[in-house]
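The opening residue of the sequence shown carries number 4 in the working numbering; numbering runs sequentially from there.
In this text, a Cβ means the ideal position worked out from N, Cα and C, and glycines have one as well.
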Amino acid sequence: MSALTDENRNHYTREALVCAQAALVYSLAFLFSGSKLGVHDWELFTAMAEIPRVMILKFGQFPFWNPYIGGGNILFHHPEVSVLSPLYALTLAFGAVIGLKLQVMVCYFLGFWGSVRFARTLGMSEGAGYLFASVYFGAAYFALHFSEGHIPFTQFCYLPWIGFFWLRSLQNPQSSQDLRYIIFAGIALALMILGNGAAAPLLLTSTFIGALALLYAIRDKSIKPISRMSLIWVLGLGIAAVKFIPLFIHLQNNFWAGEPYDIVPFGALTDVFFSFNQGLYSHRDLGLAGGWHEYGAFVFFPALLLGAWYAARNFSPSWIWVALAAFFFLHGLGGFVEWSPWRLLSYLPGFASSRAPGRSFQFVILALGVLAGFGYDEFRDRIKAALAKGKDKLTSLKFAPAILIGSIVVVNCWVAQQSLNQPFIRPAVQADWQEDFQQTIGKPEAVYQSVLENRGVILAPWLSAYEEGRGLVTADGEVLDEHIDSGSAEVISRSYRGNEIKYKLNSVTGGEITLGMGYDSGWEVVQPASSVIRAEQGLLAVSFPAGESEIFLRYRTPYFGLGLIVSLLSVIAAVLLYLHYRRKLA
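This is the structure we're talking about:
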């Protein structure tokens, strides 16, 4: 066992070093941009990353509530907030602008290395593993989403690790080994959820992994692939329950509609998969519903030929990947007919909120990458065998496999760089923190600066699972801090600090007051006990007594305690299972 471990350690070290170099190359444009801001969704997700940092470092509070976006909204249990992710330490340490750029680099590393591990576990050579990682995680698909500012898509870096550990649990005959790999896969899934990936990445990953497990079960005529994957999902959701339970309940009560009838035009598919022009602003003349970042899924033609050649010669071991490529190609086309995969899946819980079907094309690339990796190995082995038999005419092909893999890696990197070099063209923000929080009309394109100035923005960028802008705005555009709905009162002082709102009032009559802060389930009155909290047109409203009084309101994420208990129990279960594995190993 130790000799095998030593041998594997050398492979792991070499793979990690190669993948770290690739991640650095892919991230250079981000790192060299320094404190410059990105375009498009970078504005929103930079602000969303900075808000919990403000809550923690400025207010000394756990980030339950977001007072800065849309007049006030949920924070911790929003699916695209990553407070409990280990990667969030980068934002805490360096700020949102630098921290998110470093997160992209780390996730490139994890995605590349996980892809190599996944490919190696499928039975590919090390070189084929690098080819697969280049075709899949090094594709323009991820570069476009990262360049657009789709920070949640960085969490796809955990998908190949989930697949890798799941495969290992199937391949090892010892049940104790199965437990170890199931635990590791569950942790990878939990990290995706606790990061920014609890929306699109989780739904798409569930779709792909579920389809893969089903096809493996059909091939092996065994329920084991599905049962192993189910255990992984139960454990992963359990570990991440502190976020997932509040998130799930909130989304059940605050549904947002997806795009079940969105389609990708057939005429755009050649550009989607084969155009070398994969810049962020390209292909605006194709009649697409969204920006090119939702569609680009470049595959270098030699990789496609390798995969097709291998599948044609080896149907039995390749049919699973051909079926996956076909299914997700149809899924990515969207609602082109009523019975399309995209339309049918939209009837399942959670999937009704899905949008941009072209995002599914990443799994077409993944499946083609697997076939291309196997094709590369067979091509290399056939040349080696021919040379070993003394066929001198093939001597000139000795370096063909290296040239082939090198060209695919270089071209994929070059195509990805087209978009990776584009986003950071905005100057660094200069802002002064103001101690007195105020709501403002604001500008969606300057929400990050507003956060740094301690100013709320009613007109904020659109974000799924958030209420539209809520606030007290007069006909002439003045934003009010509060409005006395009944009775009369003098406001002596007010304080808005993250999760907490404090007022001092002096009233002769008592009455009710509506505050310029959005209302969501979770607000509570700490003081006075006689006050009643309610929602008034989406805003926080509370009663106050006669005389001089203090009002203290506090927000806590609903079901946070329940989720925390489930998470702790799941972590304890995972530790006990791992200790059981260690005892078996001894």
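query, result
"CB Leu254 to CB Phe247, shorter than 7 Å?", "no"
"Measuring CA to CA, which of Asp439, Ala329, Leu215, Ile428 is closest to Leu125?", "Leu215"
"Return the chain-ordered list of same chain residues with a C-beta closer than 6 Å to the C-beta of Ser524, the five sequence neighbours on each side being excluded.", "Pro561"
"Would Arg497 and Val529 qualify as a contact pair, given that the criterion is a beta-carbon distance under 7 Å?", "no"
"Starting from Gly521, trace the beta strand (DSSP E) both ways and give me its first and last residue.", "514 to 521"
"How long is the line joining the alpha carbons of Gln442 and Arg473, rounded to whole angstroms?", "10 Å"
"Just the C-alpha distance for Trp526 and Val535, rounded to the nearest angstrom, thanks.", "11 Å"
"Does the beta-carbon of Gln365 have 16 or more other beta-carbons within 10 angstroms, so that it is buried, or is it exposed?", "buried"
"Would you mind stating whether Phe140 and Phe115 have Cβ atoms separated by less than 7 Å?", "yes"
"Per DSSP, His486 is paired with what?", "Thr517"
"By Cβ distance below 7 Å, which residues in the same chain neighbour Asp44 in space, the five residues on each side in sequence not counted?", "Glu151, Gly152, His153"
"Leaving out five residues on either side along the sequence, give the residues of the same chain with a beta carbon under 6 Å from the beta carbon of Asn457.", "Trp436, Gln437, Phe440"
"Using only alpha-carbon positions, find the residue among Gly519, Ala549, Glu515, Arg559 that is nearest to Asn502.", "Arg559"
"Taking just the CA atoms, how far does Ala532 sit from Glu493?", "20 Å"
"Going by DSSP in three states, Asn13 sits in which element: helix, strand or coil?", "helix"
"Would you please state the rounded distance, in angstroms, between the beta carbons of Tyr71 and Val432? I believe it to be under 8 Å.", "The pair is not a contact, with the Cβ atoms about 14 Å apart (cut-off 8 Å)."
"Can you give the beta carbon distance from Ile411 to Ala306, rounded, assuming they're within the 8 Å contact cut?", "5 Å"
"To the nearest angstrom, how far is it from the Cα of Gly213 to the Cα of Ile229?", "8 Å"
"DSSP three-state call for Leu7: helix, strand or coil?", "Confidence is the limiting factor: at Leu7 the pLDDT is only 49, short of 50, which leaves the residue's position unreliable, though a coordinate-based value still follows. Three-state result, Leu7: helix."
"Report the rounded CA-to-CA distance for Gly74 versus Ala544, giving the unit in angstroms.", "14 Å"
"Hey, which unbroken runs of the alpha helix (DSSP H) at 4 residues or more fall wholly within the segment 373 to 420?", "none"
"Hey, how far is the Cα of Lys61 from the Cα of Glu485?", "24 Å"
"Could you work out which residue in Asn509, Leu250, Glu53, Val413 is closest to Leu197 when comparing CA atoms only?", "Leu250"
"To the nearest angstrom, how far is the alpha carbon of Val138 from that of Tyr499?", "49 Å"
"For Gly519 and Phe547, which I take to be in contact (beta-carbon distance under 8 Å), what is that distance rounded to the nearest angstrom?", "That pair is no contact at about 16 Å."
"How close, in whole Å, do the beta carbons of Leu475 and Leu483 come, if the pair is a contact with beta carbons under 8 Å?", "4 Å"
"Between the alpha carbons of His148 and Cys416, how many angstroms are there, rounded?", "15 Å"
"From the DSSP output, in three-state form, read off Ala214 for me.", "helix"
"If I'm right that Pro163 touches Gly130 with Cβ under 8 Å, what's the distance once you round it to whole angstroms?", "Rounded, the Cβ-Cβ distance is 17 Å, inconsistent with contact."
"If we require 4 or more residues per run, which alpha helix (DSSP H) segments fall completely within the segment 274 to 346?", "304 to 316, 318 to 335"
"From the DSSP output, in three-state form, read off Lys530 for me.", "For clarity, residue 530 is Gln in the given sequence; the question names Lys instead. Strand, per DSSP."
"Could you pull the start and end residues of the beta strand (DSSP E) that Tyr499 belongs to?", "493 to 500"
"Just mark Lys104 as buried or exposed, buried being the case when its beta carbon has 16 or more other beta carbons within 10 Å.", "buried"
"Determine the contact status of Met58 and Gly376, defining contact as a CB-CB distance below 7 Å.", "no"
"Could you tell me the distance, in whole angstroms, from the CA atom of Arg287 to the CA atom of Asn424?", "19 Å"
"Could you give the DSSP three-state label for Lys104: helix, strand or coil?", "helix"
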